[in-house]
Amino acid sequence: MKTRRFPGGVHPPEKKLTAKVPVVKLPAPEEIVVPLSMHIGAPAKPLVARGDRVLRGQAIAEPGGFVSAYIHSPVSGKVKKIEPRPHPMGRALPSIVIINDGLDECVDFQPVDDWRNAEPDTLIAAIQKAGIVGMGGALFPTHVKLKPPPQFTIDTVIINGVECEPYLTADHRLMLEQPEKVLEGLRIILRILGLKKGYIGIEANKPDAIELLRMKTANADDIEIVDLHVKYPQGGEKTLIYACTGREVPSGGLPMNCGCVVQNVGTMAAICDAITEGKPLMERNVTVTGECIKNPVNLLARIGTPISKLIEAAGGFTETPAKIIGGGPMMGMTQSSLDVPVTKGTSGLVCLPPSLVSTSDPSPCLRCGSCVRHCPFHLLPTDIVRLVKAGRVDEAADLGLMDCCECGSCSYICPSHIELLQWMRLGKAEVMANRKKTA
Amino acid sequence: MLTAVLILSLLGLISAVGLGVASRVFYVEIDPLVEKLTEVLPGANCGGCGYAGCAGFAAALAAKEVGINDCSVADSDTKQTLARLLGVELTETAKEVAVVHCKFDPSKMQNRFEYKGVSSCKAANMLGGQLDCSYGCLGFGDCVKACNFNAIVIKDGLAEVIPEKCTSCGMCVEACPRNLIQIHSLAQKVLVLCSNKDKAKAVSSVCKIGCIACNKCVKACPVEAISMVNQIAVIDDEKCIACGACARECPTNCIFDFGETHYVAQINDKCTGCTLCALKCPAGAISGDKKQMHVVDPKKCVRCRICYDICNFESIELVNEEGKIMIPPRPKKQRKKKKDSGEAA
């Protein structure tokens, strides 16, 4: 069977150690730490104060701006305090600390009645109230994505079941164990956007998921399953759009510029829960894996569970890991503390032994052009980085610096171990700062 | 042969006339003063003055838009020459230097993680920084790279300014992603070398010499020069009298006193009991009845010298810890003179 693909990209070893391990529910810990920044945009504003009793599913923080999201309590218990705590993004950020009373008393969940005939605005409001954000890792508030400005017409919905990052299997297991929820979620999105057909893109290394979803949609003509070539970053928004539709997102644009909306399968399941059961986003699938983990597993963990509990549930370490990465090994952030909580975007924890972590210092560029050949966006990382190093970020921006999706293919492939991605990020941050200054 | 010579001569003549006319019509007047000034200026083109290089500054100088002292790089000889060229009198200003407001103990500062990547403070700061303290100096030397005068070095992972080389151009201030560098007068000897804006507990858990915003220095300051801004003590350079009382009071020693040693006040038998010193003492260290000899409690004395400056009767002397007189009482005449200059300043 012919699979669809995009130009460039790399092929790291897949190492899906947990592809056949069913998801296990992780008991809620005694102390839950819910960061107020679990989405792109303004941090949420707390709705509770120290000493308040909260119920499971109660909104504990409201959006702090247009691009922001609600946050709900994953357990019932008492608010201990609101203070800066270690955050997966590096520095300590304000978080709500809740002491779990173990009762799991829930608020009354209110599903949307008969969503098939409900108004799109009602559905979007319900999604916003449920605090749903893009669960692939980008954490963009979903309700904002579903309300494109009027000048854009959306004609295609693509669901991202690619999971191109090595090691991770959280989405794969979700598709195998809860295919109905994924399909239902997609149909809700189709209803909201008023479309007839949606696509689910899955990499060809998950034949069981493809087969299962094909079977479930055999008699339906509103959903098509697309086989995708196994390649990184196939799951990037823009590469996925290109592979599925052949369209290119224009430079500096968003998927909506070419009529597309891309959503993660995890988000679909969350939307299904929010609409049909009224359940807000309080837990997610997390893959705990890597060569240092005794029994790699897929866990259903409450948001706010410290990652030390997840590692404990996976049998602990076999040797001291050199790196613990939150998310996938290609785009994830290395964590500096085991007290960091699971957030809405934690798709996995990858614990790597020293033998797999590169510690070599960069050597001079060989001008081999590997980074250029593997860049999925046809950029020239070598030239761009040279300009960034020299402080000429404006010229780097002219070469397309801002179109970099930070997939890290260039850093992965570079034979000189040059930190191309970090330089690109540095350059992007500087360009953004300059733009803010002049604006 | 003759035609060729004639044609060439004619061409030469036409060109000569053309050039001659052009040199009159399109003559650009150059101020010889600007040229001279440019020659005299340091030529570092550091941009510290805000103009495009030294030539731009020279033009502004000739147009009297700026003063000589706006060039922070020029030394006093250069400034004298500039003043002579401009025909103005040079007013001396205090030399300014950049100060890094972080001075942790490198042997005690823990790292949260081992940083391996682009060797730049900006890059490390994007990841939250490798230090336990999220405000401290990262030590990758973005300021060193920005400095045109080799006035900053990294020592034990901390940036350090060499005051002799520093020209206070301000390039390092902009380069530091953590905003740790500020420009102070070289005469400012008492400095708060911490920038941690966290609360006391969070500060002391990462650094033993961090500002915990205890307000002790605010209370200790006899001239109300210290205020607490964002949980950091900030000294107002204008008000500070460099008595060092805050530095002695600071429980974490994050206030550094680089000035001369300070001594405790002591009252000798010339005291007339005028009560002036007791009234003015900010620490309440002087006691005594009216028209009786007063006594200084050495434990309470903050060594601010206020009493020493105001005593009219040559009765306050400054002693060291063993009671040895280090600075004798201020003679009456000299005191008056000092008072005049004090008011002028």
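Protein chains in written order, with our numbering: chain A, -1 to 437; chain B, 142 to 486. Note that CB positions come from ideal geometry on N, CA and C, so glycine has one too. Note that the structure is a prediction, hence the values are computed from the model and not measured.
Query	Result
In the DSSP assignment, find the unbroken beta strand (DSSP E) run with I96 of chain A in it and report its ends.	91 to 98
Figure out for me which residue from A:S35, A:L238, A:T265, A:T120 has the closest Cα to the Cα of D111 of chain A.	A:T120
Quick test of your reading: N337 of chain B and V344 of chain B, contact by CB under 8 Å. State the CB separation rounded to the nearest angstrom.	5 Å
Pull out every residue of the stretch 258 to 275 of chain B whose Cβ sits closer than 9 Å to any Cβ of chain C, in chain order.	Within the model displayed, chain C is absent; protein chains A and B are what it includes.
From the DSSP output, which residues share a beta bridge with N158 of chain A?	A:G199, A:N262
With a 10 Å radius around its C-beta and 16 neighbouring C-beta atoms as the bar for buried, classify P164 of chain A as buried or exposed.	buried
In terms of residues, what are the limits of the alpha helix (DSSP H) holding R225 of chain B?	217 to 227
Since F254 of chain B meets chain A, which of its residues come closer than 8 Å, beta carbon to beta carbon?	T332, S334
With distance defined between alpha-carbon atoms, name the residue in B:A199, B:V240, B:H242 nearest to A224 of chain B.	B:A199
Exposed or buried, R433 of chain A, counting other C-beta atoms within 10 Å across all chains shown (16 or more means buried)?	exposed
Anything in chain B within Cβ reach of G88 of chain A, meaning under 7 Å, just list it in chain order.	L268, G269
Could you please give me the residues that DSSP links to S368 of chain B through a beta bridge?	B:V375
So, is G483 of chain B buried or exposed, given that buried needs 16 or more other C-beta atoms within 10 angstroms?	Because G483 of chain B carries a pLDDT of 44, less than 50, the predicted location of this residue cannot be relied on, and the following value inherits that uncertainty. By the neighbour-count rule (16 or more Cβ atoms within 10 Å), G483 of chain B is not buried but exposed.
Determine, for E417 of chain A, whether the minimum Cβ-Cβ distance to residues of chain B falls below 8 Å.	yes
For chain B, is any of its Cβ atoms less than 8 Å away from the one on A427 of chain A?	yes
What does Q420 of chain A touch in chain B if you count any residue whose Cβ is under 7 Å from its own?	G258, V259, A264
Per DSSP, what are the beta-bridge partners of N296 of chain A in this structure?	A:V21, A:T285
On a CA-only basis, which of A:A218, A:L24, A:C162 is nearest P231 of chain A? Give me that one, please.	A:C162
With 8 Å set as the bound, which would you pick, yes or no: does the beta-carbon of T140 of chain A sit closer than that to a beta-carbon of chain B?	no
Taking all protein chains shown into account, do 16 or more other C-beta atoms lie within 10 angstroms of the C-beta of M267 of chain B, making it buried, or fewer, making it exposed?	buried
Between which two residues does the alpha helix (DSSP H) carrying P33 of chain A extend?	That residue, P33 of chain A, is in no alpha helix (DSSP H); its beta strand (DSSP E) goes 29 to 33.
Using a Cβ-Cβ cut-off of less than 7 Å, list which residues of the stretch 106 to 123 of chain A approach chain B; keep chain order.	none
R433 of chain A touches chain B at which residues, Cβ-Cβ below 9 Å?	Those do not exist, as R433 of chain A stays about 17 Å from chain B at its closest Cβ, beyond 9 Å.
Give every residue of the same chain whose Cβ lies closer than 6 Å to the Cβ of E235 of chain A, excluding the five residues on either side of it in the sequence, and list them in chain order.	P253, V260
Sort B:C335, B:L202, B:Q323, B:S217 by Cα distance to L174 of chain B and report the nearest one.	B:L202
Does the distance from the C-beta atom of S334 of chain A to that of R253 of chain B stay below 8 Å?	yes
Does T357 of chain A get closer than 8 Å to chain B when you measure Cβ to Cβ?	yes
Does the distance from the CB of T16 of chain A to the CB of V228 of chain A come in under 8 Å?	no
So which residues on chain B does L424 of chain A lean against when the C-beta distance must stay under 8 Å?	V259, S261, K263, A264, M267
Contact check, S93 of chain A vs V32 of chain A under 8 Å by CB: the rounded distance?	6 Å
Within 10 Å of its beta-carbon, does G343 of chain A have 16 or more other beta-carbons around it, so buried, or fewer, so exposed?	buried
Classify P139 of chain A as helix, strand or coil using the three-state DSSP reduction.	strand
Return the chain-ordered list of same chain residues with a C-beta closer than 7 Å to the C-beta of L166 of chain A, the five sequence neighbours on each side being excluded.	T285, G326, S345, G346
Would you mind reading off the limits of the beta strand (DSSP E) that contains H325 of chain B?	322 to 326
Can you give me the start and stop residues for the alpha helix (DSSP H) that Q420 of chain A sits inside?	418 to 436
Measuring alpha carbon to alpha carbon, tell me which residue in A:L378, A:C104, A:L174, A:I273 is nearest P118 of chain A.	A:I273
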